[in-house]
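Each remark here refers to the structure printed beneath this line.
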Amino acid sequence: TYIKCASCNEGGCRSFSCDDCSFGLHERCAVLPKTIQHWYDEHLIFLCYNKNKRGGEYWCDICEEQIDTMIWFYTCDSCCVTFHTECVLGDFSRFMPGRIVTHRNWRIKAMQTSPGFLPRCYICHTQRAVPFVLNLCNPQNNVFICSLECLVRTRLGRTSFREVVYFILYRFVLNSYLRNNE
């Protein structure tokens, strides 16, 4: 059944729905964590929705874009910060922007995107409006990767680069996942 998701307000078919009340959720939205520890805030941040009963505007503290409070988002009431779910849970959102990590002769840096900075992905050749991209540099290459899917598909012609991909996946993605699900 085609539904409009109560979480992200987008249409889709892969969902859970109630025909009686016309409520629906995408599978990916139904499993959003209720609380998350994110590098941006010292407290747990909580999933919330329809918080605009008090009035006022909300802005994402990561991407600095306005938040539609009818769509689910994360917040910390103690610190008065709010975040889009995509900014908190995007593919590279657990990387601290600007932090540089090196592996062999590769420099790996997560970079926050903005309307003025949407680099073309080395793999899919698009300028996707994702919250973060990875910048991978060595003396011969300087490339941007927009998603984990593209990172896994990356081929820069050397086995050593495959090691960098595994290093990134293990060090940042898997370790963050394991820490948050203990």
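The opening residue of the sequence shown carries number 1 in UniProt numbering; numbering runs sequentially from there. Every residue gets a Cβ at the ideal spot worked out from N, C-alpha and C, and that includes glycine.
Nearest-angstrom Cα separation, counted from residue j out to residue i
i: N181; j: E149; result: Low confidence applies to N181: its pLDDT is 43, below 50, so where it sits in the model is not reliable, and the reading given next is rough at best. C-alpha separation (whole angstroms): 22 Å.
i: E27; j: F92; result: 21 Å
i: M96; j: D20; result: 44 Å
i: I123; j: V133; result: 12 Å
i: Q140; j: E10; result: 41 Å
i: S147; j: D68; result: 24 Å
i: V152; j: I145; result: 10 Å
i: M70; j: N105; result: 46 Å
i: R99; j: E57; result: 31 Å
i: N142; j: G90; result: 22 Å
i: G12; j: E42; result: 35 Å
i: I108; j: C121; result: 15 Å
i: D77; j: M111; result: 27 Å
Cβ separation of residue i and residue j, assumed to be a contact under 8 Å, to the nearest whole Å
i: S15; j: C5; result: 6 Å
i: F46; j: T75; result: 6 Å
is_contact[residue i, chain D] using C-beta, thresh 8 Å
i: A129; result: This model lacks chain D altogether, as it is built from one protein chain only.
Proximity of residue i and residue j at Cβ, strictly below 8 Å
i: V88; j: D61; result: no
i: L44; j: T35; result: yes
i: Q127; j: L136; result: no
i: P131; j: C63; result: yes
i: F23; j: C48; result: no
Cβ neighbour criterion (16 or more within 10 Å) applied to residue i
i: E125; result: It is His, not Glu, that sits at residue 125 in the sequence shown. H125 should be labelled exposed.
i: N138; result: buried
i: V31; result: exposed
i: T102; result: exposed
i: A129; result: exposed
Hey, which unbroken runs of the alpha helix (DSSP H) at 4 residues or more fall wholly within the stretch 2–79?
27–30
Unbroken beta strand (DSSP E) runs of length 3 or more, entirely within the stretch 92–152: which are they?
100–103, 106–112, 132–137, 142–145
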